[in-house]
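**Student:**
Protein chains: 2
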Amino acid sequence: MPVQTNQSLSVDCAVFGFDGEVLKVLLIERPAYNALDRLKLPGSMILENETLPEAAYRVLEEATGLRKRDLYLKQMEIFSDPDRVSGDELEWINRKHGIRTVRVVTVGFYALLKLDRRTTDYTTSKGARWVAIEAIQRLAMDHKAILSAALGYLCREMQQSPVAFELLPRKFTIRTLQRLFEAVLGIEIDNRNFRKKMLSSGFLLATGEKEEGVAHKPAEYYTFDRNAYRRAVKAKLRMGFIDNWRY
Amino acid sequence: MPVQTNQSLSVDCAVFGFDGEVLKVLLIERPAYNALDRLKLPGSMILENETLPEAAYRVLEEATGLRKRDLYLKQMEIFSDPDRVSGDELEWINRKHGIRTVRVVTVGFYALLKLDRRTTDYTTSKGARWVAIEAIQRLAMDHKAILSAALGYLCREMQQSPVAFELLPRKFTIRTLQRLFEAVLGIEIDNRNFRKKMLSSGFLLATGEKEEGVAHKPAEYYTFDRNAYRRAVKAKLRMGFIDNWRY
DNA sequence: TTTGTTCGGGTATATTATACGCTAAGCAAG
DNA sequence: CTTGCTTAGCGTATAATATACCCGAACAAA
Numbered sequence: 025m026p027v028q029t030n031q032s033l034s035v036d037c038a039v040f041g042f043d044g045e046v047l048k049v050l051l052i053e054r055p056a057y058n059a060l061d062r063l064k065l066p067g068s069m070i071l072e073n074e075t076l077p078e079a080a081y082r083v084l085e086e087a088t089g090l091r092k093r094d095l096y097l098k099q100m101e102i103f104s105d106p107d108r109v110s111g112d113e114l115e116w117i118n119r120k121h122g123i124r125t126v127r128v129v130t131v132g133f134y135a136l137l138k139l140d141r142r143t144t145d146y147t148t149s150k151g152a153r154w155v156a157i158e159a160i161q162r163l164a165m166d167h168k169a170i171l172s173a174a175l176g177y178l179c180r181e182m183q184q185s186p187v188a189f190e191l192l193p194r195k196f197t198i199r200t201l202q203r204l205f206e207a208v209l210g211i212e213i214d215n216r217n218f219r220k221k222m223l224s225s226g227f228l229l230a231t232g233e234k235e236e237g238v239a240h241k242p243a244e245y246y247t248f249d250r251n252a253y254r255r256a257v258k259a260k261l262r263m264g265f266i267d268n269w270r271y
Numbered sequence: 025m026p027v028q029t030n031q032s033l034s035v036d037c038a039v040f041g042f043d044g045e046v047l048k049v050l051l052i053e054r055p056a057y058n059a060l061d062r063l064k065l066p067g068s069m070i071l072e073n074e075t076l077p078e079a080a081y082r083v084l085e086e087a088t089g090l091r092k093r094d095l096y097l098k099q100m101e102i103f104s105d106p107d108r109v110s111g112d113e114l115e116w117i118n119r120k121h122g123i124r125t126v127r128v129v130t131v132g133f134y135a136l137l138k139l140d141r142r143t144t145d146y147t148t149s150k151g152a153r154w155v156a157i158e159a160i161q162r163l164a165m166d167h168k169a170i171l172s173a174a175l176g177y178l179c180r181e182m183q184q185s186p187v188a189f190e191l192l193p194r195k196f197t198i199r200t201l202q203r204l205f206e207a208v209l210g211i212e213i214d215n216r217n218f219r220k221k222m223l224s225s226g227f228l229l230a231t232g233e234k235e236e237g238v239a240h241k242p243a244e245y246y247t248f249d250r251n252a253y254r255r256a257v258k259a260k261l262r263m264g265f266i267d268n269w270r271y
């Protein structure tokens, strides 16, 4: 079996956002397609002289209007099943780009961003939709598998680094932070212990501002102190990691 | 800038082994090359109808004689700098395979295996060498960067799942296990606490056998109880993860 | 004023991390 | 055979942390 060279490389991005209640993902609608294959993840072939992360950032800027500094982007795995794109979908791609590729290997990325008014408006104006994770049935090609993988990565990474804050606005309440953890990890957390834990970490800065117009005791807004976090990380490498083993 | 299709995909594997003292990695020697570029990671272009993991397993079987079930293989990142292979190296590849590729994107894998007599003999008979991590100066192309990334992954993964046992023979002493952790993580660990921690995890099974011919009190051999591990994992998802955040 | 909500300070207890003392068991050197 | 060196493996003490849960405070809505 010969070495293969007439193949294409693409990137596909699972873009996550959090609206304060549920986790959402950005999907592109292809009007020409029937309901089953209509929705896909934002993605693109790579261009000449472009690395994969560059391609991913390009896709994300097109879809959201956000530039590199406003996005958290991570490479995850590569999807290389020789038949992952074939038949109609392969023809679609070849026609669209005027090429004759026989195989498309894709690299999955996941991205986190702060869902605000402007971002939402931009994406909808581009024909993209924010869909709650729970509501997603089926996606084009193997994009459902890519999304599942991304969710797994997000889950794991939220337990290992403070990426949660990439999904929250600059100022947030501890309740919102907790909701985010509960939504992503699918667990319930005691609010008092969560607060204690978060505050004792020393990474949260009280702003002095409070919620307004809420039907309960207003909560204080906090910001994430990235520098304090970095300082703290250096200090510790504990044996406790054995407790966190997963397969 | 047009979409690119005349490119190649390859896999490169950082294969780790542990001899009881130091961490080693498997390197291929290219006799025709001068000292600086002589050593490289085992790797290959992908073939038609082959996924990337399949390609990696093929490379590993060629290099070590070990089959899938005796290897621990994990995909890590993708190296896609447009110029990561160029000039002489690109010509070398084109000549070798009779192709005309303009760009080689590679997927880095890392593999763990149990270093024993047979494996060592096989690899050396194939012109490959096990080199201590500490002793590696420079590798061909960007393979040093790939190796560094692999080491990072190994470090992180050893703190999150019991992959350490993939590097040890079926029966091992707790001291050896500790040495492995110390070698990979670059830290010193108190032997009494390490033992306590490991045994209390319930994943180690005492075999009843003991070391022989050692110049100190002989240690007992243990095996890793994978089933006990799996059972334990399900039980817990603690909030402690916040302590383990890294960037 | 009452009700429903979340905030956020607190306590009490079990679990775990970490430091370190000490004896046992082997080999080697004198 | 004794002394020394090394690692095994048991133990204890203390600090740190997780976890469960109490309860008054603060707001809006009814």
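Note that the protein sequences, when read in sequence, are chains A and B. Each residue of the first sequence is one higher than the one before, counting from 25 in my numbering. Each residue of the second sequence is one higher than the one before, counting from 25 in my numbering. All C-beta atoms, glycine included, are put in the ideal place defined by N, C-alpha and C.
What is the DSSP secondary structure of Leu47(A), reduced to helix, strand or coil?
**Tutor:** Within the first sequence, residue 47(A) is the residue found at index 23, counting from 1. In this structure, Leu47(A) counts as strand in the three-state DSSP scheme.
**Student:** Assuming Pro193(B) and Asp140(B) make a contact with CB atoms under 8 Å, what is their CB distance in whole Å?
**Tutor:** Reading the second sequence from its first residue, position 169 is the one you call residue 193(B). Reading the second sequence from its first residue, position 116 is the one you call residue 140(B). Going by Cβ atoms, the distance from Pro193(B) to Asp140(B) rounds to 7 Å, so yes, they are a contact pair.
**Student:** Is there a Cβ from chain A that is less than 8 Å from the Cβ of Val129(B)?
**Tutor:** In the second sequence, the residue the question calls residue 129(B) occupies position 105. Judged by the 8 Å Cβ criterion, Val129(B) is in contact with chain A.
**Student:** If you draw a straight line from the C-alpha of Gln28(A) to the C-alpha of Gly111(B), how long is it?
**Tutor:** In the first sequence, the residue the question calls residue 28(A) occupies position 4. In the second sequence, the residue the question calls residue 111(B) occupies position 87. Cα-Cα distance, rounded: 20 Å.
**Student:** With 7 Å as the limit, tell me which residues of the stretch 94–118 of chain A have their beta carbon closer than that to any beta carbon of chain B; keep them in chain order.
**Tutor:** Cβ contacts with chain B come from Gln99, Glu101, Ile102, Ser104, Asp105, Pro106.
**Student:** Measure the CB-CB distance between Ile52(A) and Ala169(A) and report whether it falls below 8 Å.
**Tutor:** Sequence index remark: in the first sequence, residue 52(A) carries index 28 (1-based). Sequence index remark: in the first sequence, residue 169(A) carries index 145 (1-based). No.
**Student:** At 8 Å on the CB atoms, spell out the chain B contacts of Thr75(A), in chain order.
**Tutor:** The residue you call residue 75(A) lines up with position 51 of the first sequence. Correct list: Ser104, Asp105, Pro106.
**Student:** Give a yes or no on whether the C-beta atoms belonging to Ala38(A) and Leu171(A) are separated by under 8 Å.
**Tutor:** Translated into positions along the first sequence, residue 38(A) becomes position 14. Translated into positions along the first sequence, residue 171(A) becomes position 147. Yes; because the gap between Cβ atoms is below 8 Å, this pair is in contact.
**Student:** Assign Tyr134(B) to one of three DSSP states: helix, strand, or coil.
**Tutor:** To locate residue 134(B), count along the second sequence from 1; it is residue 110. Looking at Tyr134(B) - three-state DSSP - the assignment turns out to be strand.
**Student:** Flag Val83(A) as yes if its beta-carbon sits less than 8 Å from any beta-carbon of chain B, otherwise no.
**Tutor:** Position 59 of the first sequence holds residue 83(A). No, because no Cβ of chain B sits closer than 8 Å to the Cβ of Val83(A).
**Student:** Using a Cβ-Cβ cut-off of less than 9 Å, list which residues of the stretch 51–76 of chain A approach chain B; keep chain order.
**Tutor:** Ser68, Met69, Ile70, Leu71, Glu72, Asn73, Glu74, Thr75, Leu76
**Student:** Going along the chain, which unbroken runs of the beta strand (DSSP E) with 3 or more residues stay wholly within the stretch 144–219 of chain B?
**Tutor:** 152–156
**Student:** Could you check whether Phe42(B) and Leu228(B) sit closer than 8 Å to each other, using their CB atoms as the reference points?
**Tutor:** Taking the second sequence and counting its residues from 1, the one referred to as residue 228(B) is at position 204. Taking the second sequence and counting its residues from 1, the one referred to as residue 42(B) is at position 18. It is not a contact, given that the beta carbons lie outside the stated cut-off.
**Student:** Cβ closer than 7 Å: which chain A residues qualify as neighbours of Leu163(B)?
**Tutor:** Against the second sequence, residue 163(B) aligns to sequence position 139. Within 7 Å Cβ-Cβ: nothing; Leu163(B) doesn't reach chain A, min ~20 Å.
**Student:** Check whether the Cβ of Leu175(B) lies closer than 8 Å to any Cβ atom in chain A.
**Tutor:** The count along the second sequence starts at 1 and reaches residue 175(B) at position 151. It does not; no Cβ of chain A falls within 8 Å.
**Student:** By the criterion of Cβ-Cβ separation under 9 Å, what are the contact partners of Met32(B) in chain A?
**Tutor:** The sequence position of residue 32(B) within the second sequence is 8, counting from 1. Looking at the sequence provided, one finds Ser at residue 32(B) rather than Met. Residues of chain A passing the Cβ test: Val27, Gln28, Thr29, Gln31.
**Student:** Kindly list, in the order they appear in chain B, the residues whose Cβ is closer than 8 Å to that of Val208(A).
**Tutor:** In the first sequence, the residue the question calls residue 208(A) occupies position 184. The contact set of Val208(A) on chain B, defined by CB atoms closer than 8 Å, is empty, because the minimum CB distance reaches about 12 Å.
**Student:** Using beta carbons (cut-off 8 Å, strictly below), is Val39(A) in contact with chain B?
**Tutor:** Walking along the first sequence from the start, residue 39(A) turns up at place 15. Cβ-Cβ to chain B under 8 Å: no for Val39(A).
**Student:** Which value, in whole angstroms, describes the spacing of the CA atoms of Thr75(A) and Asp145(B)?
**Tutor:** Within the first sequence, numbered from 1, the residue matching residue 75(A) stands at position 51. Within the second sequence, numbered from 1, the residue matching residue 145(B) stands at position 121. When rounded, the distance between both Cα atoms is 39 Å.
**Student:** Taking C-alpha atoms, which residue in Lys98(B), Trp269(B), Asp61(B), Val46(B) lies nearest to Tyr177(B)?
**Tutor:** Position 153 of the second sequence, counted from the start, is the residue given in the question as residue 177(B). Comparing Cα-Cα distances from Tyr177(B) to each of Lys98(B), Trp269(B), Asp61(B), Val46(B), the minimum goes to Lys98(B).
**Student:** For chain B, check one thing: does any of its Cβ atoms lie closer than 8 Å to the Cβ of Val257(A)?
**Tutor:** Translated into the one-based positions of the first sequence, residue 257(A) becomes position 233. Judged by the 8 Å Cβ criterion, Val257(A) is in contact with chain B.
**Student:** Got a sec? Which residues, its chain only, sit under 7 Å from Asp94(A) by beta carbon, not counting five neighbours each side?
**Tutor:** By one-based count along the first sequence, residue 94(A) stands at place 70. Closer than 7 Å at Cβ, skipping near neighbours: Leu137.
**Student:** What separation, rounded to the nearest whole angstrom, lies between the Cα atoms of Phe189(B) and Met182(B)?
**Tutor:** To locate residue 189(B), count along the second sequence from 1; it is residue 165. To locate residue 182(B), count along the second sequence from 1; it is residue 158. Roughly 10 Å between the two C-alpha positions.
**Student:** Would Tyr134(B) and Phe196(B) be called neighbours here (beta carbons separated by less than 8 Å)?
**Tutor:** The residue labelled residue 134(B) in the question sits at position 110 within the second sequence. The residue labelled residue 196(B) in the question sits at position 172 within the second sequence. Not a contact, by the Cβ cut-off of 8 Å.
**Student:** Roughly how many angstroms separate the alpha carbons of Ile211(B) and Ala159(B), rounded to a whole number?
**Tutor:** Working through the second sequence from its first residue, we reach residue 211(B) at position 187. Working through the second sequence from its first residue, we reach residue 159(B) at position 135. So the alpha carbons of these two residues sit roughly 19 Å apart.
**Student:** Alpha carbon to alpha carbon, how far is Asp166(A) from Arg108(A)?
**Tutor:** Residue 166(A) sits at position 142 when you count from the first residue of the first sequence. Residue 108(A) sits at position 84 when you count from the first residue of the first sequence. When the Cα atoms are used, Asp166(A) and Arg108(A) turn out to be separated by approximately 7 Å.
**Student:** In chain order, which continuous runs of the beta strand (DSSP E) of length 3 or greater are located wholly inside the stretch 48–84 of chain B?
**Tutor:** 67–69
**Student:** Using the Cβ count rule (16 or more neighbours within 10 Å means buried), how would you classify Gln161(B)?
**Tutor:** Taking the first residue of the second sequence as position 1, residue 161(B) is located at position 137. Exposed is the call here.
**Student:** Would you mind stating whether Leu50(A) and Trp154(A) have Cβ atoms separated by less than 8 Å?
**Tutor:** To locate residue 50(A), count along the first sequence from 1; it is residue 26. To locate residue 154(A), count along the first sequence from 1; it is residue 130. Yes, Cβ-Cβ distance for Leu50(A) and Trp154(A) is below 8 Å.
**Student:** Would a C-beta distance cut-off of 8 Å place Arg219(A) and Ile198(A) closer than the cut-off?
**Tutor:** Taking the first sequence and counting its residues from 1, one reaches residue 219(A) at position 195. Taking the first sequence and counting its residues from 1, one reaches residue 198(A) at position 174. Annotated as proximal: Arg219(A) and Ile198(A), with beta-carbon spacing under 8 Å.
**Student:** In three-state DSSP terms, what is Ile123(A)?
**Tutor:** In the first sequence, residue 123(A) corresponds to position 99, counting from 1. DSSP, read as helix, strand or coil, puts Ile123(A) in coil.
**Student:** For the beta strand (DSSP E) that contains Gln99(A), what are its first and last residues?
**Tutor:** Residue numbering aside, residue 99(A) sits at position 75 when the first sequence is read from its first letter. Here the beta strand (DSSP E) through Gln99(A) covers 96–103.
**Student:** Could you please give the first and the last residue of the uninterrupted beta strand (DSSP E) stretch that includes Leu33(A)?
**Tutor:** Here residue 33(A) refers to the residue found at position 9 when the first sequence is read from its first residue. Where Leu33(A) is concerned, the enclosing beta strand (DSSP E) stretches over 32–42.
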